[in-house]
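Comments concern the structure below.
There are 2 protein chains.
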Amino acid sequence: MTSEVVRRELVAALGEAAVMTAPGLALDDLHDESLHRHAVEPLAVVRPSSTAEVASVARIAARHGVALVPRGSGTGLSGAAEPVPGGIVVCFDAMKRILRLDPADQVAVVQPGLTLRELGDALAGTGLRYPVYPGEMSGSIGGNVNTNAGGMRAVRHGVTRHHVLGLELVLADATVLRCGGAVMKSSSGYDVTQLVIGSEGTLALVTEVTLKLAPVLTSCATMLVPFENLASVCQVVPRLIATGLSPSITEYVDAPTLRALAAASSLELGVAPQVAERAAAYLIVLLETRTDGQMDADLASASALLEEAGALDVYVLGEHAASQLIEARERLFWVSRDEGVRDIIDVVVPRSAVPSLLDASREISRRYGTRIGGCGHVGDGNVHLSVFVDDDERRQSIVRELLRLGLAVGGQISGEHGIGRDKQDYYLEMTDPALLTLQGRLKDAFDPEGRMNPFRRFTPRGGDA
Amino acid sequence: MTSEVVRRELVAALGEAAVMTAPGLALDDLHDESLHRHAVEPLAVVRPSSTAEVASVARIAARHGVALVPRGSGTGLSGAAEPVPGGIVVCFDAMKRILRLDPADQVAVVQPGLTLRELGDALAGTGLRYPVYPGEMSGSIGGNVNTNAGGMRAVRHGVTRHHVLGLELVLADATVLRCGGAVMKSSSGYDVTQLVIGSEGTLALVTEVTLKLAPVLTSCATMLVPFENLASVCQVVPRLIATGLSPSITEYVDAPTLRALAAASSLELGVAPQVAERAAAYLIVLLETRTDGQMDADLASASALLEEAGALDVYVLGEHAASQLIEARERLFWVSRDEGVRDIIDVVVPRSAVPSLLDASREISRRYGTRIGGCGHVGDGNVHLSVFVDDDERRQSIVRELLRLGLAVGGQISGEHGIGRDKQDYYLEMTDPALLTLQGRLKDAFDPEGRMNPFRRFTPRGGDA
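Heads up: the sequence lines are chains W and P, in that order.
The numbering used here applies: residue 17 is where the first sequence begins, and numbers increase by one.
The numbering used here applies: residue 17 is where the second sequence begins, and numbers increase by one.
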């Protein structure tokens with residue numbers, strides 16, 4: 017039996033403790049945080065502890081024609097880390113060393129299993145930080161790379177793609193190679209690093225990541241700004257960005273969502289009742305500067321602009337309330353899940369198209385007689401919509417409408433969650449076939465046998481492979 | 017005769033005026049600014065004026081198995097835009113429209129022939145700019161995309177790669193497709209945009225570029241800072257960056273190079289003679305802030321740090337002297353060329369490795385008994401070395417030594433000039449064969465017949481194709 021042979025070879029390469037097979041599989045290893053899980057049992061779950069061991073796993077998989085699915089911390093939202101039947105799940109949580117931390121070069125070279133929290137802890141006191149903030153601090157760097165994770169600070173600091181300088185990869189045929197490096201720019205051949213970022217494990221196994229760090233800005237202030245309507249929020253954000261104030265967060269939360277957040281997390285935000293009554297939409301703004309003097313000046317400029325643009329008030333939150341609010345915003349996924357959310361859309365559109373998309377979502381919500389919760393990274397056009405409807409067909413029909421609207425205004429299906437298994441059918445249906453064909457060829461260039469996270473397809477179901 | 021048939025088809029598609037063949041070819045269209053030009057006569061030089069015309073050219077080329085070489089303004093330094101025998105040079109200087117300029121979204125959608133100067137002029141008064149500054153303002157956006165152009169402001173603003181959100185492409189088989197778009201982030205399939213950036217015309221013809229713009233920062237100050245030695249310059253730069261002051265330029269110029277620049281451009285920099293006598297290396301720092309008040313504070317912080325780190329003095333240049341100095345720095349290539357430079361290296365290394373690389377260049381200069389001029393973007397590790405030696409074999413041997421040193425400390429062969437024809441042999445010789453093989457497969461995925469700027473090889477000369 018092949019699977020027993022594979023198991024024995026894996027155990028010989030990694031040791032007994034690093035290889036799990038049924039019935040010893042841990043359920044936690046078999047899914048991410050997708051709302052649409054499929055109970056799939058893989059051939060094995062392995063935990064290599066070095067690049068050499070990852071290459072051994074790839075060699076064994078190649079020999080037996082077995083699929084490989086990489087898994088970081090399983091915090092993804094799109095089902096990209098789910099096992100495939102008969103495949104090997106490669107968990108990277110035994111590879112979390114920081115191989116180099118260089119304050120002069122402002123780079124960190126890390127193994128992919130390192131979590132954002134662990135990286136943050138290691139950087140404490142160095143004056144440096146990794147500024148990408150997807151929110152879920154238990155997420156792994158490898159997972160972030162494969163998803164091109166974004167988050168609330170993207171409006172100023174960019175996304176994972178902008179902070180990864182180089183990778184070490186293990187290819188499907190077990191070749192180990194390096195691309196990029198600890199350099200800030202390069203024009204030296206095709207940028208394989210950038211191609212692998214966001215590829216959701218379908219091109220290669222990432223075994224090492226060189227990250228660009230940034231100086232910590234020590235003076236921070238969080239503003240909570242109520243408006244009477246969403247249009248005003250959307251109008252003020254480009255103006256705020258155009259000032260050069262460089263806000264690190266410009267987050268939109270609608271009033272019902274803020275109320276839900278405040279209730280779930282017992283937030284004390286100090287919004288006066290007569291303001292709360294009139295507020296339909298809130299803008300959260302984080303400013304970060306080098307000095308307190310500069311912060312005073314920036315806060316004054318920002319407040320003047322916000323008030324002039326129709327803010328009902330501008331609350332500069334205390335440190336405690338501010339961190340509570342940001343943490344609560346990050347927990348929104350869990351709050352929504354507890355409330356029975358059935359789908360989460362993270363369509364990204366040009367900033368100016370956010371109001372029309374949100375108007376449309378309200379119209380759809382009325383038409384289907386269902387709630388669609390809204391919040392989002394309004395500064396970078398990445399809107400998060402929570403769909404609460406039980407019927408699968410109606411849910412898919414709502415998602416389809418919203419995604420089509422996003423694409424029609426020049427957007428893309430996912431800003432930061434990825435396509436994964438969950439959005440693959442929508443993606444295939446809505447993407448130019450010529451672009452799909454080219455992507456299929458790129459996949460073949462890395463993985464001609466189609467064994468790297470083989471959920472990814474390039475033609476709609478029923479079409480040719 | 018095929019060439020006559022091709023010519024006739026091109027004329028039918030583009031019109032007589034847009035198709036040139038020998039003996040009517042303009043010499044200017046047949047080279048870029050590489051120091052190592054080859055006199056090659058192509059089958060034709062064409063000037064399409066729309067994406068549809070570019071696709072027609074590609075269709076004709078595909079039908080007859082003819083190669084395509086894109087050309088922007090010909091300001092490249094690595095020979096990537098040179099014709100190939102029997103091929104078609106596709107000049108984009110008739111495609112320079114701004115298709116969309118959106119202040120709210122802070123994006124510009126432009127045709128590839130638009131020059132940096134033309135884009136800058138169009139943005140005047142909008143409060144926005146395209147912050148990448150490769151220096152040569154006659155360079156085209158399409159050329160910048162294909163080279164992943166960098167320049168002096170990369171230390172703060174990044175390179176072309178960080179400001180291109182989407183592309184329209186014409187593939188070798190004449191397929192027209194779009195990738196990316198006017199969105200600030202995406203996790204929706206493989207990032208074809210990023211793969212094409214820096215590909216030097218070897219993957220596809222770029223027919224439209226969506227650029228991310230940035231707010232103009234209105235308060236600027238340029239500091240010229242003499243030091244007794246280069247080591248001090250290299251040590252202070254990471255400290256300066258670590259403060260969060262975000263300098264937009266941190267440029268190193270050695271004393272002989274600054275003298276040559278000052279003489280060539282009649283610069284009045286106001287450096288006291290007793291300081292000039294002791295100075296072996298100069299650091300140029302540009303600060304940009306939102307307000308004059310912030311600039312005063314930042315200048316004070318920066319000056320204190322620089323003086324504490326051994327600066328012989330800190331000269332804050334007047335506006336006129338500052339722009340003269342930056343322009344003179346940009347003209348350095350031409351100054352060097354007039355002085356008989358034979359090769360220009362733009363190796364990029366981790367920032368902390370710059371001193372060892374420059375030490376090595378001085379040692380090599382002594383050993384070969386020849387001058388090697390130095391300046392560079394010390395903030396991002398991109399060192400520019402001018403080699404003045406007539407004998408080709410000795411020159412190549414010097415270049416080889418310097419590139420190998422750069423690679424040995426974790427660098428890459430080119431930070432911003434590209435590999436092109438000039439550095440291809442070095443690149444093939446010094447790059448991991450596994451990475452070359454993968455790149456060859458990526459090339460095949462776009463261009464299975466190898467007709468897109470076919471100078472690019474993936475195995476050393478004499479190896480298998």
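In this text, a Cβ means the ideal position worked out from N, Cα and C, and glycines have one as well.
Tell me where the beta strand (DSSP E) around residue i begins and ends.
i	result
residue 192 (chain P)	192-196
residue 359 (chain P)	359-361
residue 400 (chain W)	398-404
residue 223 (chain P)	221-228
residue 84 (chain P)	84-87
In whole angstroms, give me the CA-to-CA distance for residue i and residue j.
i	j	result
residue 360 (chain P)	residue 378 (chain P)	15 Å
residue 80 (chain P)	residue 469 (chain P)	16 Å
residue 344 (chain P)	residue 46 (chain P)	27 Å
residue 434 (chain W)	residue 363 (chain W)	10 Å
residue 390 (chain P)	residue 163 (chain P)	22 Å
residue 147 (chain P)	residue 230 (chain P)	7 Å
residue 137 (chain W)	residue 145 (chain W)	10 Å
residue 226 (chain W)	residue 461 (chain P)	27 Å
residue 298 (chain W)	residue 243 (chain W)	6 Å
residue 438 (chain P)	residue 429 (chain P)	12 Å
residue 395 (chain P)	residue 35 (chain W)	46 Å
residue 202 (chain P)	residue 196 (chain P)	8 Å
residue 74 (chain W)	residue 467 (chain W)	10 Å
residue 263 (chain P)	residue 192 (chain W)	37 Å
residue 181 (chain P)	residue 156 (chain P)	17 Å
residue 431 (chain P)	residue 205 (chain W)	11 Å
residue 474 (chain P)	residue 319 (chain P)	48 Å
residue 457 (chain W)	residue 383 (chain P)	49 Å
residue 183 (chain P)	residue 103 (chain W)	36 Å
residue 83 (chain P)	residue 99 (chain P)	9 Å
residue 152 (chain W)	residue 58 (chain W)	26 Å
residue 480 (chain P)	residue 63 (chain W)	Low confidence applies here, because residue 480 (chain P) scores a pLDDT of 43, under 50, leaving its location unreliable; read the following figure in that light. Rounded to whole angstroms, residue 480 (chain P) to residue 63 (chain W) spans 38 Å at the Cα level.
residue 290 (chain W)	residue 238 (chain W)	22 Å
residue 23 (chain P)	residue 101 (chain P)	15 Å
Could you please give the first and the last residue of the uninterrupted alpha helix (DSSP H) stretch that includes residue i?
i	result
residue 422 (chain W)	408-424
residue 149 (chain W)	Note, residue 149 (chain W): premise wrong, no alpha helix (DSSP H); not H, not E.
Give me the residue from the options with the minimum Cα distance to residue i.
i	options	result
residue 328 (chain W)	W:240, W:350 and W:398	W:240
residue 419 (chain W)	W:222, W:457, W:395 and W:370	W:370
residue 296 (chain P)	P:303, P:287 and P:63	P:287
residue 414 (chain P)	P:202, P:471, P:387 and P:290	P:387
residue 463 (chain P)	P:141, P:128, P:221 and P:331	P:221
residue 421 (chain W)	W:365, W:458, W:335 and W:83	W:365
residue 188 (chain P)	P:217, P:207 and P:161	P:217
residue 158 (chain P)	P:251, P:96 and P:140	P:96
residue 357 (chain P)	P:43, P:93, P:37 and P:89	P:93
residue 337 (chain W)	W:312, W:294, W:277 and W:268	W:277
residue 115 (chain P)	P:127, P:121, P:445 and P:246	P:127
residue 107 (chain W)	W:20, W:258, W:60 and W:125	W:60
residue 302 (chain W)	W:256, W:284, W:347 and W:111	W:256
Going by the DSSP bridge assignment, what does residue i pair with across the sheet?
i	result
residue 488 (chain P)	Lying outside 17 to 481, the shown extent of chain P, residue 488 (chain P) is not represented and no answer is given.
residue 116 (chain P)	P:125
residue 235 (chain P)	P:305
residue 446 (chain W)	The partner list for residue 446 (chain W) (beta bridge, DSSP) is empty, contrary to what the question assumes.
residue 428 (chain W)	W:364
residue 492 (chain W)	Residue 492 (chain W) falls outside the range modelled here, since chain W spans only 17 to 481, and no answer is possible.
residue 333 (chain P)	P:238
### Query
Got a sec: which bits of the segment 163-192 of chain W sit with their beta carbon under 7 Å from any beta carbon on chain P, in order along the chain?
163, 164, 166, 170, 175, 178 and 191
### Task
Please list the residues of the segment 396-413 of chain W that have a C-beta atom closer than 8 Å to any C-beta atom in chain P, keeping them in chain order.
396, 397 and 398
### Task
Could you please tell me which residues of the segment 116-137 of chain P, in chain order, have their CB closer than 8 Å to any CB of chain W?
118, 119, 120, 121, 122 and 123
### Query
What are the residues of the segment 431-452 of chain W that lie near chain P, defined by any Cβ-Cβ distance shorter than 9 Å?
431, 432, 433, 434, 435, 439, 443, 447, 448, 450, 451 and 452
### Task
Give, in chain order, every residue of the segment 221-239 of chain P whose Cβ lies closer than 7 Å to some Cβ of chain W.
231 and 233
### Task
Note down, in chain order, all residues in the segment 200-211 of chain P with a beta-carbon under 7 Å from any beta-carbon belonging to chain W.
200, 201, 202, 203, 204, 205, 206, 207, 208, 210 and 211
### Task
Pull out every residue of the segment 80-92 of chain W whose Cβ sits closer than 8 Å to any Cβ of chain P, in chain order.
none
### Query
Can you list, in chain order, the residues of the segment 352-368 of chain P whose Cβ is nearer than 8 Å to any Cβ on chain W?
364, 365, 366, 367 and 368
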